[in-house]
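The structure appears below as structure tokens.
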RNA sequence: GCCGCUAUCGUCUAACGGUUAGGACUUCAGAUUCUCAAUCUGGCAAUCGGGGUUCGAUUCCCCGUAGCGGUACCA
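Residue numbers (our numbering): 37 to 539.
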């Protein structure tokens, strides 16, 4: 602790029950932004206290995806690339001084604190069966009462409980909740939240399999790891009073809480896998740029004010403010993401964009190692303003690599006819043949050709439509000059010759 | 059922209690043009309802309505 108070520390604490999804990305981002803004630190903690729901490779996916999006954390599990060991666990190392950042590896710690609560009398053993609890709940619902555990096992003496445990009876440990009064806190986003204690359930802290529940593990770790601000999804808002009671029972100071509005499906329900794509990895695979994804997700539920739409991560850090986060959920607007991704693609330097696109072209079988690098770069330059995702680079570029099949009708402009087209294309070919290779660059070529058309008194449409379709074989395509430039003089002239034969 | 949260164009959002309620995406029209895309110009489109408070409510308060979240030995 310094004279400026404790260092700001936040955490992103996902459970590895699948792949990192777009909502998790935003939570991670806001945590990251808040940490950077305040010169604090950002930690990653894996909350895998439900062994049933653990997904193989989930931890790696989270780490890799965060890394792809450049949301680097200061503490947390890291992948040990050098150790090529089969088991996931041994591939993961720690970065930071708090022991493991994976909760399943911290079990003794939770056990220690839950025992302390038992000693203090703020937690108790519970032996009630699932059936009994179910029955109780039904009864409460029928009577329009809040559903919660009735606290039957509170009256068990410690000695009695220990005897039953020795006899092998299954048990859980629950938190005692005060019967009266209410629990209140000031949320950084939602403001004052107050819940009457009579509505708070006696939360299970330790499950019968010896694992802690989220509530226990979360509170213990946040405290032990020095977390000052808990920034998490709004779905946690209703259980925050339980956490506060837990902090109090353990005699620990409270962190600040900031709950984030939910990300929603188009039907306004909580974002889920069932409705469209939510895995960040899938977006990345389709060719959404990490910067675009970050930009998009940052503006869902928060806004730096003003009319700007495109921001760098640095700008986001500069402008970020927990207090200006919205309170209502946000539906993902896919069209806007596409537009934004297109903007990022347009802003990319060609060399860089080419490198990003080549894997997609290879996957589609359009290019190989032997393909001319220059040709690929030219194609990328032409397509840059047209594609919304990297994946789209594979659409409608086949003709660059393969001679098109012509149909005579395609070659004729709407205001022209077959005979005229043939004549014009033939004279155009002669003209192009006379042009030196150096003039075969899109802008120069356009200038020269336009000048020639004027001189010959030929309508641009009469000449350029056939020229373009001869080069591409497509109704819709980039301009004839771009195409000729990309294909090169020899190939371009050959295609025009082939086209003339069809007329 | 119970508890909680929320409410501005279709969507994301802006608006010290005073604005012709602004911007972006989408969409439509026009310009440009050999086609597509891009670009430029313009248009359509919103304060959930009812009460207060106030000279004046999108903004503050209450009620209603709707939506969502929670209600697990899931997180």
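Cβ coordinates follow ideal geometry from the N, Cα and C atoms, glycine included.
Candidates the options: closest to residue i by CA position
| i | options | result |
| --- | --- | --- |
| residue 228 | 276, 92, 189 and 63 | 276 |
| residue 428 | 132, 320, 191 and 240 | 320 |
| residue 503 | 464, 538 and 522 | 464 |
| residue 205 | 232, 186, 161 and 226 | 161 |
| residue 394 | 384, 409 and 172 | 409 |
| residue 555 | 111, 474 and 495 | Residue coverage of the chain in this structure runs from 37 to 539, which leaves residue 555 outside it and unanswerable. |
| residue 234 | 251, 281 and 196 | 281 |
| residue 238 | 306, 268, 169 and 405 | 169 |
| residue 511 | 442, 103 and 364 | 442 |
| residue 546 | 73, 457 and 105 | No statement about residue 546 is possible, as the shown extent of the chain runs from 37 to 539 and does not include it. |
| residue 164 | 216, 148, 179 and 240 | 240 |
| residue 244 | 210, 273, 270 and 216 | 210 |
| residue 36 | 456, 151, 420 and 53 | Here the chain covers residues 37 to 539 and nothing more, so residue 36 does not appear. |
| residue 389 | 365, 426 and 529 | 426 |
| residue 242 | 323, 324, 152 and 226 | 152 |
| residue 70 | 269, 352 and 156 | 352 |
| residue 540 | 273, 307, 309 and 304 | Because the chain here runs from 37 to 539, residue 540 falls outside it and cannot be looked at. |
| residue 72 | 49, 62, 180 and 107 | 107 |
| residue 335 | 181, 360, 315 and 316 | 360 |
| residue 543 | 147, 154, 110 and 115 | The question about residue 543 has no answer, for the chain in this structure spans 37 to 539. |
| residue 387 | 415, 406 and 402 | 415 |
| residue 146 | 357, 193, 246 and 116 | 246 |
Residue interval of the beta strand (DSSP E) (run including residue i)
| i | result |
| --- | --- |
| residue 223 | 218–223 |
| residue 77 | 77–80 |
| residue 159 | 159–162 |
| residue 292 | 292–296 |
| residue 368 | Unbroken run through residue 368: none, as it is neither H nor E. |
| residue 241 | 240–242 |
| residue 433 | Per DSSP, residue 433 belongs to no beta strand (DSSP E) and is neither H nor E. |
| residue 590 | Limits of the chain in this structure are 37 at one end and 539 at the other, which puts residue 590 out of reach. |
Other residues of its chain near residue i: CB distance less than 6 Å, five sequence neighbours each side excluded
| i | result |
| --- | --- |
| residue 158 | 212 and 285 |
| residue 263 | 45, 47 and 291 |
| residue 340 | 355 |
| residue 440 | 509 |
| residue 322 | 425 and 427 |
Own chain partners of residue i with C-beta closer than 7 Å, once the 5 adjacent residues on each side are dropped
| i | result |
| --- | --- |
| residue 136 | 130 and 142 |
| residue 293 | 221, 223, 224, 266 and 276 |
| residue 541 | Examination of residue 541 is not possible in this model, given that the chain is present from 37 through 539 alone. |
| residue 471 | 484 |
| residue 76 | 43, 44, 45 and 46 |
| residue 362 | 297, 337 and 338 |
| residue 313 | 319 |
| residue 38 | Per-residue confidence for residue 38 stands at a pLDDT of 46, beneath the threshold of 50, marking its modelled position as unreliable; the derived number appears in the next sentence. No residues qualify anywhere along the chain. |
| residue 400 | 430 |
Where the alpha helix (DSSP H) through residue i begins and ends
| i | result |
| --- | --- |
| residue 45 | Here residue 45 belongs to no alpha helix (DSSP H); instead the beta strand (DSSP E) covers 45–48. |
| residue 148 | 143–156 |
| residue 201 | 194–202 |
| residue 482 | 478–492 |
| residue 103 | 94–104 |
| residue 229 | No alpha helix (DSSP H) holds residue 229; the beta strand (DSSP E) holding it covers 227–232. |
| residue 209 | That residue, residue 209, is in no alpha helix (DSSP H); its beta strand (DSSP E) goes 208–211. |
| residue 266 | Residue 266 -> not in any alpha helix (DSSP H); beta strand (DSSP E) instead, spanning 265–269. |
Residue i burial status per 10 Å Cβ neighbour count (16 or more: buried)
| i | result |
| --- | --- |
| residue 248 | buried |
| residue 385 | exposed |
| residue 67 | buried |
| residue 95 | buried |
| residue 51 | buried |
| residue 523 | buried |
| residue 254 | buried |
| residue 214 | exposed |
| residue 574 | As shown, the chain starts at 37 and ends at 539. That puts residue 574 outside it, with no answer to give. |
| residue 366 | buried |
Proximal residues to residue i (C-beta, below 8 Å), its chain only, five neighbours per side dropped
| i | result |
| --- | --- |
| residue 173 | 183 |
| residue 444 | 454, 538 and 539 |
| residue 201 | 161 and 207 |
| residue 124 | Because residue 124 carries a pLDDT of 49, less than 50, the predicted location of this residue cannot be relied on, and the following value inherits that uncertainty. Here the set comprises 92, 93, 95 and 96. |
| residue 461 | 447, 499, 502, 503, 506, 532, 535, 536 and 539 |
| residue 528 | 468, 476, 507, 519 and 520 |
| residue 391 | none |
| residue 150 | 159, 209, 241, 242, 248 and 252 |
Checklist entry - Contact between the region 288–303 and the region 99–116: three or more CB pairs below 8 Å? => result Fewer than three pairs of CB atoms, one per stretch, sit closer than 8 Å, so the region 288–303 makes no contact with the region 99–116.
Checklist entry - Okay, do the region 83–96 and the region 365–374 touch, 3+ Cβ pairs below 8 Å being the bar? => result The region 83–96 makes no contact with the region 365–374: fewer than 3 CB pairs, one atom from each, lie closer than 8 Å.
Item to check | Inter-stretch contact (C-beta, 8 Å, three-pair minimum) for the region 376–389 and the region 327–347 | outcome: Flag = yes, the region 376–389 and the region 327–347 touch.
Checklist entry - Are at least three pairs of beta-carbons, each pair with one atom in the region 187–198 and one in the region 255–262, less than 8 Å apart? => result Below 8 Å, too few C-beta pairs join the region 187–198 and the region 255–262 to call them touching: fewer than three.
Next on the checklist: Contact between the region 295–304 and the region 51–63 is defined here as three or more beta-carbon pairs at a separation below 8 Å; is this criterion met?
Outcome noted: The region 295–304 makes contact with the region 51–63: 3 or more CB pairs, one atom from each, lie closer than 8 Å.
Next on the checklist: Pairs of beta-carbons, one from the region 314–333 and one from the region 74–82, closer than 8 Å: are there three or more?
Outcome noted: Taking 8 Å as the limit for Cβ pairs, the verdict is that the region 74–82 does not touch the region 314–333.
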